[in-house]
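K.L.:
Below is the structure I would like to discuss, written out as structure tokens.
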Amino acid sequence: MKKLIVFLSLAIISLNVFSQDLYKVSKADVKFTSDAKLELIEAETTDAQGVVNNDENTFAFRIPMNTFRGFNSSMQRTHFNTNYLETAKYPYTIFEGKIIEDVDFSKPGNYMVRGKGKFTCHGKVQERIIKCKVKSQGGKITITSGFSVFLEDHNIEIPTVVYQKIAEEITVDLTFVLTK
13 MKKLIVFLSL AIISLNVFSQ DLYKVSKADV KFTSDAKLEL IEAETTDAQG VVNNDENTFA
73 FRIPMNTFRG FNSSMQRTHF NTNYLETAKY PYTIFEGKII EDVDFSKPGN YMVRGKGKFT
133 CHGKVQERII KCKVKSQGGK ITITSGFSVF LEDHNIEIPT VVYQKIAEEI TVDLTFVLTK
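Residue numbers (the working numbering): 13 to 192.
What follows is the structure, encoded as structure tokens:
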């Protein structure tokens, strides 16, 4: 009898997981820009993981911070990873939460939505609402967004020596393509 109960419980849980309408990141492009008084710094990554649950209007995305390329020199990239973002200690930036608008991404169309949730960068969690454009083509959705990250909000300290070379406000532009 116990085996039957365990089997039925697992079967019900499996059906729940497999019946959800999930979109997973298949392609990503994330770019950040620091436009300071003395220097413009740009870097980007194509490494990101994420999922949108169309049934529950929820999402979760994470970006491995040590995958950013670009910068103005290899030393700048090293300082980004070791001194500022401390990527060995805080490897990911994560945004997870709920889509405010009630939309069905299985229906083709263009949508303006807001994601509300926990944005974690450099170990500091912040409640955020981020606006996104979503283009749905049925089994594929494309999300584009642009937003700012303030270094102070995430306890990212910049030494006085390079203070005029790194902006206090970092702009982030991203495009995620998600498929079923």
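Here a beta-carbon is modelled for each residue, glycine too, at the ideal position from N, C-alpha and C.
All figures in this text were calculated on a predicted structure; none of them were measured in a lab.
#1: Determine the DSSP secondary structure at Asn95, reduced to helix, strand or coil.
#2: Hey, would you say Ala40 sits closer than 7 Å to Thr58, going by beta carbons?
#3: Just to confirm my understanding: we take Tyr175, look at its own chain, exclude 5 residues before and 5 after, and list those with CB closer than 8 Å. What are they?
#4: Considering only C-alpha positions, which residue in the set Ser38, Lys192, Glu51 and Lys36 is nearest to Ile182?
#5: Counting C-beta neighbours from all protein chains within 10 Å, is the total for Thr105 16 or more, i.e. buried, or is it exposed?
#6: What do you get for Met124, buried or exposed, if any count of 16 or more other CB atoms within 10 angstroms of its CB means buried?
#7: Using only alpha-carbon positions, find the residue among Asn66, Pro171, Lys49 and Ala55 that is nearest to Leu190.
P.N.:
Taking the definition as stated:
#1: For the purposes of this step, residue 95 is taken as residue 83 along the sequence shown, with counting starting at 1. DSSP places Asn95 in helix when its eight states are reduced to three.
#2: Within the sequence shown, residue 40 is the residue found at index 28, counting from 1. Within the sequence shown, residue 58 is the residue found at index 46, counting from 1. Taking C-beta atoms as the reference points, Ala40 and Thr58 count as a pair closer than 7 Å.
#3: For the purposes of this step, residue 175 is identified with residue 163 of the sequence shown, where counting begins at 1. Within the same chain, Tyr175 has no close Cβ partners at all.
#4: Locating residue 182 in the sequence shown gives position 170, where the first residue counts as 1. Considering only alpha carbons, the answer is Glu51.
#5: Position 93 of the sequence shown, counted from the first residue, corresponds to residue 105. Thr105 comes out buried.
#6: By 1-based counting over the sequence shown, the position of residue 124 is 112. Counting other Cβ atoms within 10 Å of its Cβ, Met124 stays below 16 and is therefore classed as exposed.
#7: Locating residue 190 in the sequence shown gives position 178, where the first residue counts as 1. If we check each option's Cα against that of Leu190, Asn66 comes out closest.
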